[in-house]
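According to my numbering, the residues represented by the sequence shown are 212 to 380, in order.
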Amino acid sequence: GTGLCVGHDGDEIAVLTTRHSIEETRGPGVGARVPLTCMSIVGDTAPARVLWVGRQGLDLALVGVKLTRPEEVMPVALDEAGRSKLGDPLFAVGHELSCPWSYYEGTVSAVRTLRTSFGLHVKYVQTAMVLPAGTGGGGLFHKDGRLAGLISWFRRGGSNETNFAISIE
212 GTGLCVGHDG DEIAVLTTRH SIEETRGPGV GARVPLTCMS IVGDTAPARV LWVGRQGLDL
272 ALVGVKLTRP EEVMPVALDE AGRSKLGDPL FAVGHELSCP WSYYEGTVSA VRTLRTSFGL
332 HVKYVQTAMV LPAGTGGGGL FHKDGRLAGL ISWFRRGGSN ETNFAISIE
């Protein structure tokens, strides 16, 4: 999975990611936490710990990780997030098949409010860009670098794939 640095507390970095990136999603261990190791953009790796997990079907989690060079990892600017509109150009960077820092681009297909299985209404940015396994939990960004959302889930139909990111709004 992928995640975004959203803040620092001394040498600990807060990383926003998806719940499905930190828990088993299939088999007899569904819901069990998986061992977490974080790799920063500067190449440092360290074990991570779960700080918060979304409820009511919200696919979000916050993890903490202590890195040796936390000052080299800059938090994403959440206060500069942008509203997404149909046709806006987007990009994402994720970790497809253990290939870190892979780049993808596309556009906003729609902005939708959908209900989780627990009744929570969540706003999503929909895109038809292909975002393979490993990109979940990463950011979906506007071309100017403003965060649009956090990549969460996809729906496949025939040869088409539609991806959904939890809107940062």
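Think of the CB as a built atom: it goes at the ideal place given N, C-alpha and C, for glycine as much as any other residue.
Here the structure is a predicted model, which is why all the values come from computation and not from measurement.
Can you grab the Cα-Cα spacing for the pair residue i / residue j, in whole Å?
i       : j       : result
Lys-354 : Leu-278 : 29 Å
Gly-265 : Ala-272 : 6 Å
Leu-247 : Met-340 : 27 Å
Ala-257 : Phe-352 : 26 Å
Thr-213 : Ala-303 : 11 Å
Gln-267 : Arg-323 : 18 Å
Leu-301 : Thr-236 : 28 Å
Gly-368 : Arg-280 : 43 Å
Under DSSP, the beta strand (DSSP E) around residue i begins and ends at which residues?
i       : result
Arg-323 : 310-326
Pro-281 : Looking at the DSSP string, Pro-281 is not in any beta strand (DSSP E), and its letter there is neither H nor E.
Ser-189 : Lying before the first or after the last residue shown, residue 189 is absent from the chain, which here runs from 212 to 380.
Val-304 : 300-307
Gly-218 : 215-220
Once you ignore the five residues that flank residue i on each side, which residues in its own chain have a CB closer than 7 Å to its CB?
i       : result
Arg-244 : Ile-233, Glu-234 and Val-261
Gly-348 : Gly-212, Thr-213, Gly-214, Thr-228, Thr-229, Ser-232, Leu-361 and Ile-362
Using a Cβ-Cβ cutoff of less than 6 Å, which residues in the same chain neighbour residue i once the five nearest sequence positions on both sides are dropped?
i       : result
Asn-374 : Thr-338, Leu-342 and Phe-365
Ala-259 : Leu-247, Cys-249, Val-274 and Val-276
Glu-283 : Val-253
Glu-223 : Gly-275 and Lys-277
Ser-295 : Val-319, Val-322, Val-336 and Ala-359
When the Cα of residue i is compared with those of the options, which residue comes out closest?
i       : options                               : result
Gly-298 : Val-319, Gly-356 and Val-217          : Val-319
Glu-307 : Ser-251, Ala-344 and Gly-368          : Ala-344
Ser-251 : Glu-372, Phe-329, Ala-225 and Gly-330 : Ala-225
Between residue i and the rest of its own chain, which residues show a CB-CB distance below 8 Å, the 5 nearest in sequence each way excluded?
i       : result
Tyr-335 : Val-322, Arg-323, Thr-324, Leu-325, Gly-360, Ser-363, Phe-375, Ala-376, Ile-377 and Ser-378
Segments of 3+ residues assigned as beta strand (DSSP E) that fall wholly inside the region 328-366: Secondary structure within the region 328-366: the beta strand (DSSP E) runs of 3 or more consecutive residues, fully enclosed, are 332-338 and 350-353 (chain order).
Unbroken beta strand (DSSP E) runs of length 3 or more, entirely within the region 245-271: which are they? As far as the region 245-271 is concerned, its whole beta strand (DSSP E) runs of at least 3 residues are 248-250 and 256-264.
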